[in-house]
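Asks: Chains as they are written, first to last, in our numbering: chain D, 295 to 407; chain X, 14 to 128. Please see the structure below; I have some questions.
As structure tokens, then:
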């Protein structure tokens, strides 16, 4: 299974940018990089995804290294509502038209007021 | 609003009992998934279905069963063969089973405990 490596936890001050790193050295050419976040006792929420180019949406930005072996999720201005566990996931083609997400333990982000 | 509804939110199982977790979606999504999450861990895939009347085992299917008789519904049965069922169960759906660009949408989960 394609795997990712993330720090167990990170802290950020409120209203400052946050850079959440992810290593995925075994990524294959067809794997997409997805990010989800999860609040306690809730289901994960989709944040952003990309293949090769950097991506932006209303929630965050995704910076992908040129060799695709690492990526960084950027929250431009952390708020208290951004405190969650962030999962970096490879969406891997598993045959028969199916793509699977393999979740690791993620990074627990704490936001300090 | 469209979304995924899981019920019940909390469920208790007695020894030797089968229990069924409900998952309904009104997003008109083709693919549906069941995950298990243990405390402090990531999600692990139990079963998934790409179309009605078809489903495949995930990484930890033993002790679980599913059905997909309707596009909107994907119930999960935790059988008595699952010896350690206490966990947080999450259902997800995705549009276009064969399209990698679409994200998965998750329900709010069912927390199952053993009495």
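We put the CB at the ideal spot given by N, CA and C, even for glycine.
1. Tell me whether residue 374(D) sits in a helix, a strand or coil according to DSSP, three-state version.
2. Round the Cβ separation of residue 404(D) and residue 385(D) to the nearest angstrom and send it over; I've been treating them as touching at under 8 angstroms.
3. Decide yes or no for the touch test of the stretch 301-319 of chain D against the stretch 342-350 of chain D: beta carbon pairs closer than 8 angstroms, at least 3 of them.
4. Measuring straight from C-alpha to C-alpha, what distance separates residue 115(X) and residue 309(D)?
5. Strictly by DSSP, which residues pair up with residue 91(X)?
6. To which residues does DSSP link residue 386(D) through a beta bridge?
7. Against residue 394(D), what residues of chain X qualify as contacts under a CB-to-CB distance less than 7 angstroms, listed in chain order?
8. Check whether chain X comes within 8 angstroms of residue 400(D), counting only Cβ atoms and requiring the distance to be less than that.
9. Does DSSP put residue 305(D) in a helix, a strand or coil?
10. Would you mind working out which of 89(X), 55(X), 52(X) and 85(X) sits nearest residue 69(X), comparing C-alpha positions?
11. Name, please, each residue of chain D whose Cβ falls closer than 9 angstroms to the Cβ of residue 121(X).
12. Need the endpoints of the beta strand (DSSP E) that residue 403(D) sits in, please.
Replies: Reading from the atomic positions:
1. As a first step, residue 374(D) is located in the first chain; it is residue number 80 there, counting from the start. Residue 374(D): helix per DSSP, three-state reduction.
2. Your numbering for residue 404(D) matches position 110 in the first chain. Your numbering for residue 385(D) matches position 91 in the first chain. Actually they are not in contact, since the Cβ atoms of residue 404(D) and residue 385(D) sit about 27 angstroms apart, beyond 8 angstroms.
3. no
4. Looking up residue 115(X) in the second chain gives position 102. Looking up residue 309(D) in the first chain gives position 15. Each residue's Cα considered, the two are about 30 angstroms apart.
5. Within the second chain, residue 91(X) is the residue found at index 78, counting from 1. According to DSSP, residue 91(X) bridges with 32(X) and 77(X).
6. Here residue 386(D) refers to the residue found at position 92 when the first chain is read from its first residue. Paired residues: 394(D).
7. Along the first chain, one-based indexing puts residue 394(D) at 100. 58, listed in chain order.
8. The sequence position of residue 400(D) within the first chain is 106, counting from 1. Closer than 8 angstroms: yes.
9. Taking the first residue of the first chain as position 1, residue 305(D) is located at position 11. Residue 305(D) falls in the strand class under three-state DSSP.
10. Counting from 1 along the second chain, the entry for residue 69(X) is found at position 56. Nearest of 89(X), 55(X), 52(X) and 85(X) to residue 69(X), Cα basis: 89(X).
11. Start at 1 with the first residue of the second chain, and residue 121(X) comes out as number 108. Per Cβ cutoff of 9 angstroms: 335, 336 and 337.
12. Walking along the first chain from the start, residue 403(D) turns up at place 109. Per DSSP, residue 403(D) belongs to the beta strand (DSSP E) from 401-406.
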